[in-house]
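Number of protein chains: 2
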Amino acid sequence: MRERMRGFKELIGVEEALEKLRNAITRRITDSERVSLLSAIGRICGEDLHAPQDYPPYDRSAVDGYAVIAEDTFGASPMNPIKLKVIAKLEAGAEVSELPEIRRGESVEISTGAPIPRGATAVIPVEDVEKVGGGIEIRGQVYPGQNISRRGEDFKLGEIILRKGELIRPWHIGVAASFGITELTVLRRPKVAILSTGDELAEMGEEPGAGHIYNSTKPMLASALSVLGCDIIDLGISRDDVNKISEKIAEGVRKGDLVIVTGGTSIGVRDLVPEAISKIGEVIVHGLAIRPGKPAGFGVVGEKPVFMLSGFPVAALIQFRVLVTPAIEYLLGCKFDPCPRVRGRLTRRVASPPGIRSFVRVRVLRTASGELVVEPLRLTGSGMLSTLTRGNGLLIVPEELEGYEEGDDVEVELLSPIIESEVNKR
Amino acid sequence: MRERMRGFKELIGVEEALEKLRNAITRRITDSERVSLLSAIGRICGEDLHAPQDYPPYDRSAVDGYAVIAEDTFGASPMNPIKLKVIAKLEAGAEVSELPEIRRGESVEISTGAPIPRGATAVIPVEDVEKVGGGIEIRGQVYPGQNISRRGEDFKLGEIILRKGELIRPWHIGVAASFGITELTVLRRPKVAILSTGDELAEMGEEPGAGHIYNSTKPMLASALSVLGCDIIDLGISRDDVNKISEKIAEGVRKGDLVIVTGGTSIGVRDLVPEAISKIGEVIVHGLAIRPGKPAGFGVVGEKPVFMLSGFPVAALIQFRVLVTPAIEYLLGCKFDPCPRVRGRLTRRVASPPGIRSFVRVRVLRTASGELVVEPLRLTGSGMLSTLTRGNGLLIVPEELEGYEEGDDVEVELLSPIIESEVNKR
Numbered sequence: 065m066r067e068r069m070r071g072f073k074e075l076i077g078v079e080e081a082l083e084k085l086r087n088a089i090t091r092r093i094t095d096s097e098r099v100s101l102l103s104a105i106g107r108i109c110g111e112d113l114h115a116p117q118d119y120p121p122y123d124r125s126a127v128d129g130y131a132v133i134a135e136d137t138f139g140a141s142p143m144n145p146i147k148l149k150v151i152a153k154l155e156a157g158a159e160v161s162e163l164p165e166i167r168r169g170e171s172v173e174i175s176t177g178a179p180i181p182r183g184a185t186a187v188i189p190v191e192d193v194e195k196v197g198g199g200i201e202i203r204g205q206v207y208p209g210q211n212i213s214r215r216g217e218d219f220k221l222g223e224i225i226l227r228k229g230e231l232i233r234p235w236h237i238g239v240a241a242s243f244g245i246t247e248l249t250v251l252r253r254p255k256v257a258i259l260s261t262g263d264e265l266a267e268m269g270e271e272p273g274a275g276h277i278y279n280s281t282k283p284m285l286a287s288a289l290s291v292l293g294c295d296i297i298d299l300g301i302s303r304d305d306v307n308k309i310s311e312k313i314a315e316g317v318r319k320g321d322l323v324i325v326t327g328g329t330s331i332g333v334r335d336l337v338p339e340a341i342s343k344i345g346e347v348i349v350h351g352l353a354i355r356p357g358k359p360a361g362f363g364v365v366g367e368k369p370v371f372m373l374s375g376f377p378v379a380a381l382i383q384f385r386v387l388v389t390p391a392i393e394y395l396l397g398c399k400f401d402p403c404p405r406v407r408g409r410l411t412r413r414v415a416s417p418p419g420i421r422s423f424v425r426v427r428v429l430r431t432a433s434g435e436l437v438v439e440p441l442r443l444t445g446s447g448m449l450s451t452l453t454r455g456n457g458l459l460i461v462p463e464e465l466e467g468y469e470e471g472d473d474v475e476v477e478l479l480s481p482i483i484e485s486e487v488n489k490r
Numbered sequence: 065m066r067e068r069m070r071g072f073k074e075l076i077g078v079e080e081a082l083e084k085l086r087n088a089i090t091r092r093i094t095d096s097e098r099v100s101l102l103s104a105i106g107r108i109c110g111e112d113l114h115a116p117q118d119y120p121p122y123d124r125s126a127v128d129g130y131a132v133i134a135e136d137t138f139g140a141s142p143m144n145p146i147k148l149k150v151i152a153k154l155e156a157g158a159e160v161s162e163l164p165e166i167r168r169g170e171s172v173e174i175s176t177g178a179p180i181p182r183g184a185t186a187v188i189p190v191e192d193v194e195k196v197g198g199g200i201e202i203r204g205q206v207y208p209g210q211n212i213s214r215r216g217e218d219f220k221l222g223e224i225i226l227r228k229g230e231l232i233r234p235w236h237i238g239v240a241a242s243f244g245i246t247e248l249t250v251l252r253r254p255k256v257a258i259l260s261t262g263d264e265l266a267e268m269g270e271e272p273g274a275g276h277i278y279n280s281t282k283p284m285l286a287s288a289l290s291v292l293g294c295d296i297i298d299l300g301i302s303r304d305d306v307n308k309i310s311e312k313i314a315e316g317v318r319k320g321d322l323v324i325v326t327g328g329t330s331i332g333v334r335d336l337v338p339e340a341i342s343k344i345g346e347v348i349v350h351g352l353a354i355r356p357g358k359p360a361g362f363g364v365v366g367e368k369p370v371f372m373l374s375g376f377p378v379a380a381l382i383q384f385r386v387l388v389t390p391a392i393e394y395l396l397g398c399k400f401d402p403c404p405r406v407r408g409r410l411t412r413r414v415a416s417p418p419g420i421r422s423f424v425r426v427r428v429l430r431t432a433s434g435e436l437v438v439e440p441l442r443l444t445g446s447g448m449l450s451t452l453t454r455g456n457g458l459l460i461v462p463e464e465l466e467g468y469e470e471g472d473d474v475e476v477e478l479l480s481p482i483i484e485s486e487v488n489k490r
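Dropping the structure here:
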């Protein structure tokens, strides 16, 4: 599925570009570091972590109740309660080497998590028991093994509990803590070098000269990268000069795992970045079958990927989602969380050229009646940041469609939560 | 929709509990701080931010091409090209007070983002133009206004560009940067105090005494809170003593915006936390119609919410999602991103008591044929962390259903990405 476009040899489809990108990323990040358990949250696991022992480490009760010999409960019911003696009480954390032993007709009061006394084969929940005198009356039956968590049932000694490449989540922290683990091995953060090109750009915080505009794409990309756990190397702004751009890219390749160059890639007045890459490496993709963001691509310099993104923020953000996020996944051997998606009714027709994957900025809102509707935003130019701040979603039109009709039920990637009509709020 | 359960007066449905929670949170976080633009990412905006000027600040070109008088292009086509003189060249960032003026028959070469010269009414894209001699031949028509981004089209002076309570995203950073804004006002982070109760608990990093088990719930909740941008106040572990628990809760209420107490809430052997709250405040909900996690609830002490969560990590995590995440949203007046959801075919019947919202841990995987299937994990006891580390989703059975049948098409909250069958990987 290719489309010719004047100036670009040809536009390359997203899937083909990603295939080339995977092949181009030959140097994965493998260096790791040890960090404290709590600071490992959100990092990428650097080595398979094995359970250092069985968990639970012994048979234990899954409920609050009474440990019994299951046979003693057979036939018990609210109409036919069975009496048992209570010979001891066990709390979670009781010493496992000194457990009491029960015989027929006896029971042990037991807390959730406490070790099962010797001889007991089940636990009857406290709800099915009435205290009477020095003992209990049980009003239900349990089968052997019921309400007992077996040693090693949760994790067996040596089993992998966290895999290399997994994003570390709160429950991984919980599992590690339950084994007494206080540090984890995580991959070091990817280092991403960003170079802006453009004679017209003023850096954030500078007083812009006459006719200069603020560089908004770099801070936007830097913050998107920080959300993905990357460290930023700021290569500054290069004036529109092929040799200077080449030098800066070479510096980025030395210092970082990946280089992003913004601006200077559209066919027309200037086309400096592909030229600058070609001087010291190879351009692999230039011209991507997406809208907005066609003049995107990447090359390889010194075995490291160098991305050419637009200088215009909306196009750059779409290109970033399409190319850079997967590149960081390939570098780390991980998978980031997918974007939440919702379906809703499209309020207006949306057109897309065949062979192009279009990213239409939309507003997803819930009407007073509870229906989800998808409103395409007016699109004029890839610089329209307001389409992102006013909208909250991206409607992606795949290459094989020429758009969607008004009233179509469409799926949308949510960039921020659904907008609730005033009636539904409180 | 209520279910009686022995020991709890009655179980309260999730929606009713959330309604009570909203009403209980009377002190929102309003203190804010100024942070640099890049460190504002992921924080909650502390005040409405208004556009300090029109954006774009002047009419500018939306494409690379030639600024023209639209009428000069009427009738032009590849078969009938029209010749125009090129009198100047304008780059993005050109000085707006010194723009050239064009007359009929003239054009100005122009870059995307460059100001429109005086007299021009449209821009013809470079793709529709051929350079010939000192001028150009145009092969297409443009209507007045075409390919021009009007002053204020993206943002008008004074318009709100970022609302109080919004979670700050990369594009907000981009918008702020494009106006030259270098700092943002964000709400301070919520302070959450966590107290663990339980005679059997050993703190992370301690050498556990005989019969002690590691506190895994606290580090898990602390990391879940850090993902939501909260600062943690660790109140340590309190032994099972009502007065000590009350004292610690009072300390948490003094130091934090919200207090979480884990353990000691199940009806049975112990019921200390509700008692400890009642001594210094009021228990509002105790017993929630969810599974796992029934013995959850909250109270109010000194106008601050105090949550009673399970000491068992899986139950605590479900309770956290159901009660604490919304509480932090209410405190901040914000909305966090929804969890991604997918639909798939259920491989096994799942039962749920009527009136109860069940959270079934599942594995969502894509088969070799590309179908998404949802496999419920074996569930025994709320302590089974392996159901979270082996699984990647939660199937939520609503109160009005008694479960789902094998083969049903069900919607699942994804906790981590879909598991791809080996055949689909590469």
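Chains as they are written, first to last, in this note's numbering: chain Y, 65 to 490; chain R, 65 to 490.
Don't be surprised by glycine CBs; every beta carbon is placed ideally from N, CA and C.
Treat the numbers as computed from the prediction; the structure is a model and nothing was measured.
Cβ-Cβ distance between R:T137 and R:I180 below 9 Å: no
Locate the beta strand (DSSP E) running through R:V172, then write down its first and last residues. 170–174
With Y:A391 as the anchor, note down where its alpha helix (DSSP H) starts and where it stops. Note, Y:A391: alpha helix (DSSP H), 389–396.
Does the contact criterion of 3 or more C-beta pairs under 8 Å hold for the region 171–191 of chain R versus the region 72–92 of chain R? no
Run through the DSSP bridge pairs and tell me what R:E194 is partnered with. R:E201
Note down, in chain order, every chain R residue with its Cβ under 9 Å from the Cβ of Y:S416. Per Cβ cutoff of 9 Å: no residues; Y:S416 is ~18 Å from chain R at best.
Under 8 Å, with one C-beta from each stretch per pair, do the region 275–285 of chain Y and the region 237–251 of chain R reach the 3-pair mark? Counting Cβ pairs under 8 Å, three or more are found: they touch.
Say whether chain Y places a C-beta atom closer than 9 Å to the C-beta of R:H114. no
Proximity test, Cβ basis, 9 Å: Y:R233 and chain R: yes
Three-way DSSP call (helix, strand, coil) for R:T94 in this model: Looking at R:T94 - three-state DSSP - the assignment turns out to be coil, as it is neither helix nor strand.
Any beta-carbon of chain R closer than 9 Å to the one on Y:H350? Taking a beta-carbon distance threshold of 9 Å, Y:H350 does not count as an interface residue toward chain R.
If you measure between the beta carbons of R:A340 and R:I297, is that distance less than 9 Å? no
Tell me the residue span of the beta strand (DSSP E) that contains Y:E439. It spans 436–440 - the beta strand (DSSP E) in which Y:E439 sits, taken as one unbroken run.
Which residue spans inside the region 369–429 of chain R form an unbroken beta strand (DSSP E) run of at least 3? 405–410
From Y:R442 to Y:T451, what does the alpha carbon distance come to, in whole angstroms? 8 Å
Could you round the C-beta distance between Y:E439 and Y:V426 to whole angstroms and report it? I think they count as a contact, below 8 Å. 6 Å
Leaving out the 5 sequence neighbours to the left and right, which residues in its chain are closer than 6 Å to Y:P377 when beta-carbon positions are compared? S280, T281, M284, L449
Alpha carbons only, please: which of R:R233, R:S141, R:K153 is nearest the one belonging to R:K399? It is R:R233.
Looking at the C-beta of R:E201, does it have a partner C-beta in chain Y at a distance below 9 Å? no
Interface partners of R:V370 on chain Y, CB under 7 Å: Ordered by position in chain Y, no residue passes the 7 Å Cβ test against R:V370, which lies about 21 Å from the chain.
Partners in chain Y for R:D218, counting only beta-carbon separations shorter than 8 Å: Those within 8 Å of R:D218 in chain Y are G447, M448, L449, S450.
I'd like to know if the region 413–421 of chain Y and the region 388–399 of chain Y are in contact, where contact means that at least 3 CB-CB pairs between them fall below 8 Å. no
If you measure between the beta carbons of R:G262 and R:I301, is that distance less than 9 Å? yes
Under the assumption that R:Y122 contacts R:D218 (Cβ atoms under 8 Å), give the Cβ distance between them as a whole number of angstroms. That belief does not hold up - the Cβ atoms of R:Y122 and R:D218 are roughly 12 Å apart, past 8 Å.
Thinking Y:V206 and Y:A134 are a contact (beta carbons under 8 Å), I'd like their distance in whole angstroms, please. 5 Å
Tell me which residues share the same chain as Y:L479 and place their Cβ nearer than 8 Å to its Cβ, disregarding the 5 neighbours each side in the sequence. C403, L452, G455, N456, G457, L458
So the beta strand (DSSP E) R:G316 belongs to, where does it begin and stop? It is not in any beta strand (DSSP E) - R:G316 instead sits in the alpha helix (DSSP H) that spans 306–319.
Strictly by DSSP, which residues pair up with Y:S433? Paired residues: none, contrary to the question.
In angstroms, rounded to a whole number, what distance separates the CA positions of R:I331 and R:M372? Residue placement at R:I331 is poorly supported in this model, since its pLDDT is 45, which falls under 50; the coordinates are not used for a value here.
What runs of the alpha helix (DSSP H), each 4 residues or longer, lie entirely inside the region 227–291 of chain R? 234–242, 281–291
Tell me which same chain residues have a C-beta within less than 7 Å of the C-beta of R:F384, skipping the five on either side of it? L285, A288, L373
State yes or no: is the C-beta of Y:S103 within less than 9 Å of the C-beta of Y:G177? no
Per DSSP, cross-strand counterpart(s) of Y:D295: Y:K255
Show which residues of chain R have a CB atom less than 9 Å away from the CB atom of Y:R405. P404, R405, V406
CB contact below 9 Å: R:V78 versus chain A: The structure shown contains no chain A; the protein chains it does contain are Y and R.
To the nearest angstrom, report how far apart Y:K220 and Y:A115 are at their CA atoms. About 7 Å.
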